[in-house]
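Below: the structure, in structure tokens.
In this note's numbering, the protein residues as written are 5 to 540.
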């Protein structure tokens with residue numbers, strides 16, 4: 005077992021032994037059993053019985069604690085189960101004594117014997133049974149140290165304690181979790197979650213990667229048909245991620261864009277090993293993340309969306325702490341920390357406690373921790389949230405420096421400006437699957453060959469009349485947004501002359517009393533907004 009679990013169980017054993025030591029002394033001092041000669045009271049037997057009971061209960065509670073995430077629930081359930089076990093022990097003991105005293109049917113005798121044999125592994129039943137039969141045997145003048153009296157009980161409870169210790173060691177070392185991964189990961193790779201109709205570029209990339217027998221030399225990370233399905237008794241099954249496939253080349257940044265609920269967080273949790281996928285798999289430098297977790301972890305770092313900092317530690321202490329965990333030599337660690345502190349603008353705050361830092365400075369510190377070792381793959385989840393424009397530019401510069409050193413990055417962001425600044429490839433995620441994939445300029449050319457016309461209307465103007473007027477001349481027009489006194493439409497730019505478009509708008513302005521208007525080429529923001537409208 006790990007050192008913390010061993011020390012905790014040792015302390016529990018010590019406390020039980022101390023409490024037990026006073027109980028037989030109190031019994032000897034108080035002559036409360038008139039029918040029993042206290043001079044013959046077997047203190048060693050009593051102490052041994054209660055000690056074994058304490059050991060069994062301690063290990064049983066430790067094993068039960070693994071089934072709970074909250075201490076309050078664990079305490080309540082363990083207390084209730086303990087009381088039920090004590091009640092069951094008393095009932096079974098009385099039933100056993102009743103059957104022994106009466107001339108019962110043979111089948112009833114067999115049932116009671118089987119129940120007794122099974123119940124011996126319950127610590128409360130062992131305690132009450134051992135004390136009861138020993139007390140009765142002492143009154144009858146018989147020996148308690150026979151197989152039928154105490155031998156079977158002690159053999160069973162010692163076997164139960166040994167089994168609980170082995171089970172506790174297996175749980176502490178995550179043996180069952182690793183065994184489950186070993187049997188599951190092959191099944192996951194072959195499981196396919198149904199997908200909606202894919203964009204031609206998404207389908208092409210998916211086919212290329214799925215046909216690979218091994219990742220290419222320039223690929224730092226490959227993800228094949230990764231899927232995640234959440235099951236709930238009340239809500240049924242939810243397909244959070246549907247057959248996502250992509251590759252991240254060395255020294256490049258791969259961007260994931262999408263609104264809340266698109267599946268970005270679920271995908272990130274799987275890529276970082278926090279959750280197991282329902283189907284598919286991922287490789288980092290030709291190592292399966294879910295089969296070789298420890299070997300792949302040293303090649304990755306993670307800047308989570310939530311700040312995972314110790315409130316009482318300073319930024320310098322944080323960086324030294326994580327640097328030592330990563331095994332960076334002291335001299336090299338000092339240079340890296342000084343460089344990151346300076347580049348991210350944390351110098352005035354490097355000796356402040358984390359609880360005193362602003363939200364933007366906490367994000368800087370999280371980024372610095374992720375960049376400490378310049379690993380092969382860096383996961384950045386909403387890295388610039390809460391930063392001011394100057395700090396955001398500094399963070400982008402640090403990420404670009406890491407990419408120049410050969411690191412790869414997987415970035416999630418709601419900021420299209422950030423995606424344009426950092427990403428070599430970008431995808432928009434909708435309903436758990438990719439709607440598009442490619443370089444930023446490629447996506448703008450493919451989905452953004454339009455002009456966006458924004459019109460500020462007077463209160464009595466009918467937007468539908470304006471739409472019909474524009475549609476009569478440009479049949480490819482689509483309405484982007486329509487509100488009171490506001491209209492935004494999109495017109496394809498193919499074979500369109502700006503002079504003709506402005507002439508039409510000026511004509512509409514005079515006819516419908518338009519207050520103001522603007523014409524602009526479609527941006528990446530417009531591409532993103534148009535795609536995420538399909539989100540359920």
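Note that the Cβ used here is the ideal one computed from N, Cα and C, for glycine as well. Source: prediction; values computed, not measured.
For residue i, three-class secondary structure by DSSP
i, result
"residue 214", "helix"
"residue 208", "helix"
"residue 531", "helix"
"residue 475", "helix"
"residue 263", "coil"
"residue 411", "coil"
"residue 483", "strand"
"residue 441", "strand"
"residue 48", "helix"
"residue 40", "Caution applies to residue 40, whose pLDDT of 46 falls short of 50 and renders its modelled position unreliable; the value that the coordinates give is listed next. Coil."
"residue 220", "coil"
"residue 430", "strand"
"residue 195", "Its pLDDT being 49, under 50, residue 195 is placed unreliably by the model, and nothing is read from it."
"residue 312", "coil"
"residue 70", "coil"
"residue 155", "helix"
"residue 1", "Residue 1 lies beyond the range of the chain shown here (5 to 540); nothing can be said about it."
"residue 405", "helix"
"residue 58", "helix"
Those residues which DSSP pairs with residue i across a bridge
i, result
"residue 454", "496"
"residue 229", "DSSP, once it has assigned bridges, lists no residue as partnering residue 229."
"residue 305", "382"
"residue 320", "DSSP output for residue 320 lists no bridge partner at all."
"residue 166", "Answer by DSSP bridge pairing: none, since residue 166 is not bridged."
"residue 357", "According to DSSP, residue 357 bridges with nothing at all."
"residue 250", "227"
"residue 521", "459"
"residue 287", "226, 292"
"residue 491", "459, 486"
"residue 416", "260, 385"
"residue 235", "241"
Nearest-angstrom Cα separation, counted from residue j out to residue i
i, j, result
"residue 299", "residue 260", "25 Å"
"residue 249", "residue 412", "17 Å"
"residue 497", "residue 531", "15 Å"
"residue 440", "residue 253", "18 Å"
"residue 366", "residue 489", "42 Å"
"residue 417", "residue 309", "10 Å"
"residue 381", "residue 393", "26 Å"
"residue 419", "residue 127", "59 Å"
"residue 211", "residue 219", "14 Å"
"residue 7", "residue 327", "With a pLDDT of 42 at residue 7, under the threshold of 50, the modelled position of that residue is not reliable, and the figure given next carries that caveat. Straight-line Cα distance between these residues: approximately 23 Å."
"residue 305", "residue 373", "8 Å"
"residue 487", "residue 83", "60 Å"
"residue 454", "residue 528", "12 Å"
"residue 155", "residue 243", "56 Å"
"residue 312", "residue 469", "54 Å"
"residue 262", "residue 436", "10 Å"
"residue 508", "residue 447", "29 Å"
"residue 257", "residue 165", "53 Å"
"residue 278", "residue 206", "26 Å"
Contact check, residue i vs residue j, beta carbons under 9 Å
i, j, result
"residue 358", "residue 317", "yes"
"residue 515", "residue 473", "yes"
"residue 131", "residue 57", "yes"
"residue 395", "residue 364", "yes"
"residue 438", "residue 203", "yes"
"residue 524", "residue 459", "no"
"residue 403", "residue 375", "yes"
"residue 161", "residue 125", "yes"
"residue 491", "residue 467", "yes"
"residue 301", "residue 225", "no"
Cβ distance (whole Å) where residue i is taken to contact residue j below 8 Å
i, j, result
"residue 245", "residue 270", "5 Å"
"residue 332", "residue 276", "In fact, because the Cβ distance is near 21 Å, the residues do not count as touching under 8 Å."
"residue 562", "residue 319", "Absent from the model: residue 562. The displayed extent of the chain is 5 to 540, so no value can be given."
"residue 67", "residue 171", "6 Å"
"residue 51", "residue 138", "Actually they do not touch by this definition, with Cβ atoms about 13 Å apart."
"residue 284", "residue 235", "Between residue 235 and residue 284 the Cβ distance is about 17 Å, and since that is not below 8 Å, they are no contact."
"residue 432", "residue 535", "5 Å"
"residue 361", "residue 399", "In fact, because the Cβ distance is near 15 Å, the residues do not count as touching under 8 Å."
"residue 213", "residue 159", "Rounded, the Cβ-Cβ distance is 59 Å, inconsistent with contact."
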